[in-house]
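When you read off a place in the sequence shown, starting at 1, and then add 49, the result is the number in the working numbering.
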Amino acid sequence: MYKHQMATTDLMRTHEMRCTYTKPTSLGSGASFIAPYGEDSAGYCHEKIFSNREWRNDNQQIRPPQITPTLRRRLGKYPLTSAMSGWVLKALTQYKPSREALDLVRPFSAQLHDAFTKEYAVSTGLHDLRTMELAHQVTLEVCVEILLAATANGQAVSLQDEIHSSCAAGDDHYTPWGKLLTGLVCDPPIIVQFPIYLMMCESFGFEKEPSREDYVYSALTAVDWVKGNNAYRDRFEAFQKHAFAMVPTLSDEVSGIDRSFWRVSQAYLGILNKAENACDFTTPLHSHIETGLDPYLLLVTRGIDSGGTAYMCSDGATFLDDAGMDSLIGSALPNDVMDLHTDILTGETRNIVRLLYPNGQSIQQTIKTMSTVLSGQLCEIFRGHQRVRFEGREDGRISATSPAYSFSRARHRRIFETLETYMSKYDQFWDWTWELFRLAKEQTTDAGLNELLADALCRGIDQTSLPESGPNDSFTAYFDMVEAGEGQMSADRPLGVCSELADITRKIYRLWHTELLDPHKRPGWGRAFDDKSDLLFQQAGELLDSMSSGITDEVYEFAIAYRCLSTGLPYIAYHTVDAIILAHGVVSWPAVKE
């Protein structure tokens with residue numbers, strides 16, 4: 050049994066929504082630019098603007114669009130790919146790569162083109178593969194441009210992979226979830242993070258027909274963490290072979306289903322990984338990486354780079370319009386907010402906060418910037434809820450699920466250990482956090498809901514204000530959870546979970562809110578919180594696996610509650626961490642060298 054309606058409990062309590070949101074109407078600048086080329090925009094780009102690129106149209110035969118009466122979507126010329134938003138097209142076409150970047154990226158662009166060429170040959174005519182190649186090829190170029198800029202920024206920090214790959218331990222709590230979602234023994238356990246993300250995405254609209262093949266494919270996107278020759282690579286490659294042997298329907302020929310969207314994502318991530326390891330790149334110890342590139346181009350790049358196109362919709366549909374691009378950017382943003390500290394210390398460059406926001410401002414200024422980042426994401430999540438409920442369009446699920454993606458891996462990401470690092474150094478931490486939260490609340494207005502996330506993030510650069518507008522009470526239940534959530538936890542089914550998961554849900558809330566605010570915590574509490582967070586998530590997986598096989602309503606209900614909790618106080622506090630880093634720099638974290 051799977052529910053067809055939206056769940057009644059979610060981040061914004063969607064059953065209580067006031068439907069005051071209207072489509073953004075401001076035109077003329079920034080993300081409001083309208084595409085002049087319509088459905089043929091990608092063809093225009095391939096024929097003219099990008100004629101100097103080796104990956105441009107090389108007369109490869111492309112299957113024409115296939116429109117059938119049984120298709121439930123027709124997003125554009127190709128039924129499962131929307132036309133590209135005008136501001137996105139503008140950013141891509143105005144980008145002029147440096148010669149150094151083009152020279153460095155050339156062999157990797159060729160590899161990516163080869164991957165797309167294989168997809169062109171077997172295309173079903175459902176996906177606009179030319180548009181998808183355009184987006185991924187330019188993203189690859191810009192990522193290389195960022196690497197070169199980071200290396201030129203001085204204060205070199207060598208790239209390290211102990212946090213971003215699974216070279217370290219701390220992922221065994223995923224084991225019961227891997228069995229539940231894929232039916233396979235997933236080794237190394239870290240690869241289960243992607244099926245968990247997919248499941249939480251599908252809970253967004255209570256997907257009624259979850260596909261085992263999609264869950265296994267999602268696990269294979271962990272290729273992004275294969276770095277060098279090590280035990281992780283060997284274990285991952287063994288899992289790949291095992292997965293294709295045990296699930297023959299991963300093959301399109303066997304299943305009859307076009308899963309090119311998974312293969313495109315895997316190809317891009319694998320090739321980018323090779324590009325990142327092609328030279329001895331370094332990054333600065335300060336947060337900002339000055340690229341000289343258009344901020345909107347950087348946002349497009351990070352949105353496509355997130356891999357979110359594969360997770361947007363259960364049938365692989367890709368939305369590249371205004372709302373779809375906001376979903377993609379919103380899928381990357383929470384990860385980047387929570388990883389800024391770690392990214393600086395480990396040499397990661399693909400981070401929106403690093404790329405957009407300068408150093409050297411006062412803490413009051415950076416708090417204002419990060420409050421806009423927070424409010425922009427909250428408004429984006431809300432719009433996603435509206436689309437799935439009133440338009441049957443589920444692409445907003447990738448941004449709504451992103452915070453939970455990070456919190457499900459507390460030990461490895463050292464989530465609370467990092468919070469302790471900054472809380473112990475700055476006595477004003479909670480004063481700053483509540484001020485940041487207050488400023489964010491002031492921006493969750495009708496004007497905030499009518500602002501594209503891309504525009505909000507760029508507004509955060511110069512800290513301009515939103516237009517005057519009336520308040521919006523759609524966030525009341527969320528604000529209550531953050532500020533006084535014990536009342537919600539006293540319900541028989543807190544946040545809508547089944548009775549069997551109620552106690553675990555309450556424990557997560559109390560750990561992340563009540564205990565986090567306790568001023569009498571003993572030193573070392575951060576690592577203890579990380580341990581307990583992962584243990585509670587493991588216990589939830591074990592309990593759900595014991596209750597039934599497969600993905601049931603109870604699984605989705607817990608996912609919704611966990612997603613809601615993951616946007617709570619610790620998530621807000623990470624915006625304070627970033628404000629501190631932007632103003633005062635990263636705090637030394639010796640543990641990263643263990």
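Every residue, glycine too, gets a C-beta built ideally from N, C-alpha and C.
Query                                                                                                                   : Result
Distance between beta carbons of valine 296 and glutamate 168, contact taken as under 8 Å                               : 20 Å between Cβ atoms; not a contact.
One or two residues paired with proline 520 in a DSSP bridge                                                            : Thr494
Beta-carbon gap between serine 267 and serine 376 smaller than 8 Å                                                      : no
Neighbourhood of alanine 459 by C-beta, 6 Å cutoff - its chain only, sequence neighbours within 5 removed               : Asp579, Ser582, Asp583
Stretch pair the segment 554-562 + the segment 428-444: three plus CB contacts closer than 8 Å                          : no
Cα-Cα separation between threonine 74 and leucine 501, rounded to whole angstroms                                       : Low confidence applies here, because threonine 74 scores a pLDDT of 36, under 50, leaving its location unreliable; read the following figure in that light. Approximately 10 Å, taken between the alpha carbons.
Whole-angstrom distance between histidine 291 and glutamate 262, CA atom to CA atom                                     : 13 Å
Histidine 633 - containing alpha helix (DSSP H), residue span                                                           : 618-633
Coil, strand or helix - threonine 173 by DSSP                                                                           : coil
Beta-carbon proximity list for isoleucine 510, same chain, < 7 Å, skipping 5 on both sides                              : Pro344, Leu405, Tyr406
Residue range of the alpha helix (DSSP H) that includes histidine 390                                                   : 371-395
Rounded separation between glutamate 484 and leucine 233 - CA only                                                      : 46 Å
Local Cβ density within 10 Å of aspartate 567, reported as buried at 16 or more and exposed below that                  : exposed
Buried versus exposed call for serine 300 [16 or more other C-beta atoms within 10 Å across all chains shown]           : exposed
Threonine 470 burial status per 10 Å Cβ neighbour count (16 or more: buried)                                            : buried
Cβ neighbour criterion (16 or more within 10 Å) applied to lysine 113                                                   : Here residue 113 turns out to be proline, not lysine, going by the sequence shown. The residue is exposed, with fewer than 16 neighbouring Cβ atoms inside 10 Å.
7 Å CB neighbourhood of threonine 493 in its chain, flanking five on each side removed                                  : Ser424, Leu427, Cys428, Asn521, Phe524
Boundaries of the alpha helix (DSSP H) in which serine 304 is found, first to last residue                              : 301-304
Any chain C beta carbon closer than 8 Å to glutamate 286                                                                : This model lacks chain C altogether, as it is built from one protein chain only.
Segment contact flag, the segment 431-440 with the segment 529-538, C-beta cutoff 8 Å, min 3 pairs                      : no
Backbone CA spacing between valine 422 and isoleucine 245 [nearest angstrom]                                            : 25 Å
Short Cβ contact (8 Å threshold) for serine 158 with glutamate 103                                                      : yes
Per DSSP, cross-strand counterpart(s) of threonine 367                                                                  : Thr130
8 Å Cβ shell around serine 451 - same chain, five flanking residues per side excluded                                   : Gly379, Ser380, Ala381, Leu382, Pro383, Asn384
Alanine 489 versus Ser473, Leu515, Gln477, residue with shortest Cα-Cα distance                                         : Leu515
Coil, strand or helix - lysine 323 by DSSP                                                                              : helix
Coarse secondary structure for valine 349, derived from DSSP in three states                                            : helix
Nonlocal neighbours in the same chain, by C-beta distance under 7 Å from lysine 330, ignoring five residues either side : Contrary to the premise, residue 330 reads as phenylalanine rather than lysine in this sequence. Correct list, in chain order: Leu196, Ala199, Thr200, Leu208.
Cβ-based neighbour list, alanine 589, same chain, cut-off 7 Å, excluding 5 preceding and 5 following                    : Leu550, Ile553, Phe607
Burial state of proline 225 (16 or more Cβ within 10 Å)                                                                 : buried
Buried or exposed (CB count within 10 angstroms, at least 16 for buried), asparagine 400                                : buried
N- and C-terminal bounds of the alpha helix (DSSP H) containing methionine 596                                          : 574-596
For tyrosine 558, the three-state DSSP class (helix, strand or coil)                                                    : helix
Where the alpha helix (DSSP H) containing methionine 361 begins and where it ends                                       : Counting along the chain, methionine 361 falls outside any alpha helix (DSSP H), and DSSP gives it neither H nor E.
Three-state class that DSSP yields for glycine 227 in the structure shown                                               : helix
Spatial distance of methionine 361 from leucine 247 (CA atoms)                                                          : 9 Å
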